[in-house]
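At position 363 of the sequence shown (counting the first as 1) the number is 363 in full-length UniProt numbering, and the numbers step up by one without a gap.
Using N, Cα and C, we set each Cβ at its ideal position, and we do this for glycine too.
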Amino acid sequence: MALILTSLALSLLSPCQAAFQTSSLPSDLTVRINTGVYTALLEPSLPDVRQFRNIPYALPPTGSRRWMPPVAVPPSSQHHYAYNFPPSCPQYLPAPLSVWNTNISDFSIDVAGQSHYAGTVAQTTAEDCLSLAVWAPRNLTAASKLPVILFIPGGSFQRGGVEVPYQIPGGWVQRSGRHIAVTANYRVNIMGFPSFARGLEDQNPGLLDARMALEWVYANIEAFGGDRDRITLWGQSAGGVVVDMVAYAFPDEPLAAGLFLQSGSAHVPGATATSPDPRYSNFTFVAKNVGCDFPDDDGAAELACMQRLPVSKIINFVGQYADNGTTPALGFKSVNDGRTGFANYTARAVDEGKVARIPTLISTTANEEASLWKYPVQDVAAGPTNMTAVDQATVGIFVCLAANATDVRSAIGVTTYRYQYAGNFSNLTPLPWLGAYHAADIPLLMGSYERPGPATGFERQVAEAMQDYLLAFMEDPESGLRKKGWAPHTERVSQGGNMMRFAVGDKVAVNVSASEIDMACVSGAPYNRSP
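As structure tokens, this is what we get:
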């Protein structure tokens, strides 16, 4: 069920104008691919990094293409200055306060001055959003063959995108000079995961967006100096779920050489729904409430009506319904449609052999759930009153999903590496009780960790070590980490296994027994959120 990639592009300049205006620019800033000619941005702060901030990989999913699989754009010779980031895909800015929209909003999309808790659709979003950004060192050629990493952002399937301050990898590429980083937008919430919309064969178009972005990278990255045979597909949180689901949906054509599942996998409880609630169909409920109500429950008419509505009307209804705490709750995330989502991932891998057999890096943070817990508005400094319940959620949702994903791969002989991030750095953790919260390791890997303020020397050592380990995995997913002293996790979870732990005490990185973490899932042993 491979997608056919051609991809890209529209232009505001004629070829003659483009040739004239690029003639004075260094030649390595402009790249020609099958779907256009793209000129990168150079910034003084990243003098050795070419930033191609906006390269479309699919046509705008508007009108009759809304909720459909992505459609690659035709070949082109037009020129584009890829200086500005694309709009994020349509998403809502929830009004209720959380650490994400108040204390650590640099994990959210840029909203150009709009309040992060505006209670409306984000003004920097649009349906013409299926683009990616490429950060590549300067002076590369097609013969350079650098390893590549493609990042699929998280956001609970509800939000996220390319232009998220903490997720900009330019700092890492500037420091490394030995790899290329790519980040892709994909459709989120009801627009990408419509939850059993009648009339659709593919119920997870957002997942197919991620797959098409991977296909684009595989087809085009060598023009930027990358190696299409050394692509690591990286997803964080919901992005990790999407990446793992792609590995299960396309087992015979993985395209990627390695996977990095950061705080998310297809084995997370509730990652997919097996069937719609017989009392309550989310997509149809929304349709009826925004003016697409048909007496005979005509699914085709319902879909066509929804495709004609302004996207803001749909997004605002879903978002404000949630803000008001109305029940039953709506939920738009990946579902089991038998095509890209499946009911039993363990059976699909172990019994049917239908998962990409490529080396996999699986990670968690020590205090995942703290930032996802209900915001303690009565005493933000003190934090949640029931940290035991927070720990239980960390174990049940994150530790167990990592253990399950590891067990499946161990059972079928896939090389698997694991880590736990335990850092608590004051410039990244404004509230001490957050600890090593969900996503806290992203800024260290991306090289954006000094955005909120100067890092400590130890913090910088941790960041650089994490970046170097991930680069070793990218360069050689099978053995790169092993060569740096990081042993793979080869045993079943119940038997222990190796794990790297970052930023514990005064140790940058230390090998530990995975049973220190996993036994909380396997046997109910006490869990330590601050190792």
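Item: Nearest neighbour of Arg-138, chosen from Ala-356, Arg-178 and Gly-413 [CA to CA]; Value: Arg-178
Item: Spatial distance of Thr-22 from Ser-76 (CA atoms); Value: For Thr-22, the predicted model reports a pLDDT of 44, less than 50, meaning its position is unreliable; a value from the coordinates is still stated below. Cα to Cα, Thr-22 sits roughly 18 angstroms from Ser-76.
Item: 7 angstroms CB neighbourhood of Pro-86 in its chain, flanking five on each side removed; Value: Asn-54, Cys-129, Ser-131, Val-162 and Asn-185
Item: Cβ pair count under 8 angstroms reaching 3, the segment 524-531 against the segment 377-397; Value: yes
Item: Asn-282 beta carbon less than 8 angstroms from that of Leu-330; Value: yes
Item: Gly-383 to His-116 span [Cα, whole Å]; Value: 21 angstroms
Item: Where the alpha helix (DSSP H) containing Ser-523 begins and where it ends; Value: No alpha helix (DSSP H) holds Ser-523; DSSP gives it neither H nor E.
Item: Cα-Cα separation between Gly-299 and Ala-136, rounded to whole angstroms; Value: 46 angstroms
Item: Burial state of Asn-367 (16 or more Cβ within 10 Å); Value: buried
Item: Sequence-distant residues of the same chain with beta carbon closer than 7 angstroms to Ala-143, five excluded per side; Value: none
Item: Per-residue burial, Arg-187 [other beta carbons within 10 Å of its own, 16 or more giving buried]; Value: buried
Item: Buried or exposed by the 16-neighbour rule on C-beta atoms within 10 Å, applied to Lys-507; Value: exposed
Item: Beta-carbon proximity list for Ile-315, same chain, < 6 angstroms, skipping 5 on both sides; Value: Pro-90, Tyr-92 and Val-121
Item: Residue from Ala-58, Gln-495 and Gln-467 whose Cα sits closest to the Cα of Val-522; Value: Gln-495
Item: Distance CB(Arg-418)-CB(Met-499) smaller than 8 angstroms; Value: yes
Item: Entirely enclosed alpha helix (DSSP H) segments - the segment 462-502, minimum 4 residues; Value: 480-483
Item: Gly-291 - DSSP class collapsed to helix/strand/coil; Value: coil
Item: Asp-379 burial status per 10 Å Cβ neighbour count (16 or more: buried); Value: exposed
Item: For Thr-22, the three-state DSSP class (helix, strand or coil); Value: In this prediction, Thr-22 has a pLDDT of 44, which is less than 50 and means its spatial position is unreliable; what the coordinates show is noted afterwards. Note: Thr-22 maps to helix in three-state DSSP.
Item: Euclidean distance between Cα positions of Thr-365 and Pro-169; Value: 20 angstroms
Item: Gly-199 (DSSP reduced to helix, strand or coil); Value: coil
Item: CB contact flag (Pro-251, Ala-343, <8 angstroms); Value: no
Item: Separation of Ser-27 from Asn-424, as counted between CA atoms; Value: 43 angstroms
Item: Alpha helix (DSSP H) segments (min. 4 residues) lying fully within the segment 179-236; Value: 189-192 and 205-220
Item: Tyr-117 in three-state terms, based on DSSP; Value: coil
Item: Bounding residues of the beta strand (DSSP E) (the contiguous stretch that carries Glu-43); Value: 41-43
Item: Local Cβ density within 10 Å of Arg-308, reported as buried at 16 or more and exposed below that; Value: exposed
Item: Enclosing alpha helix (DSSP H) for residue 542 [first to last residue]; Value: The structure shown does not extend to residue 542, since the chain spans only 1 to 531, so no value can be given for it.
Item: Paired residues, beta bridge with Ala-136 - DSSP; Value: Arg-50
Item: Pick from Ala-405, Gln-420 and Tyr-421 that is closest to Val-414, judged by C-alpha positions; Value: Ala-405
Item: For Gly-258, the three-state DSSP class (helix, strand or coil); Value: strand
Item: Within 8 angstroms, strictly: CB atoms of Gly-225 and Thr-141; Value: yes
Item: Bridge partner(s) assigned by DSSP for His-79; Value: Val-37
Item: Proximity to Ala-213 [Cα-Cα], best of Ala-238, Val-71, Leu-200 and Arg-175; Value: Val-71
Item: Lys-507 - partner residues in DSSP beta bridges; Value: Val-504
Item: Cβ-Cβ distance between Leu-150 and Trp-234 below 8 angstroms; Value: yes
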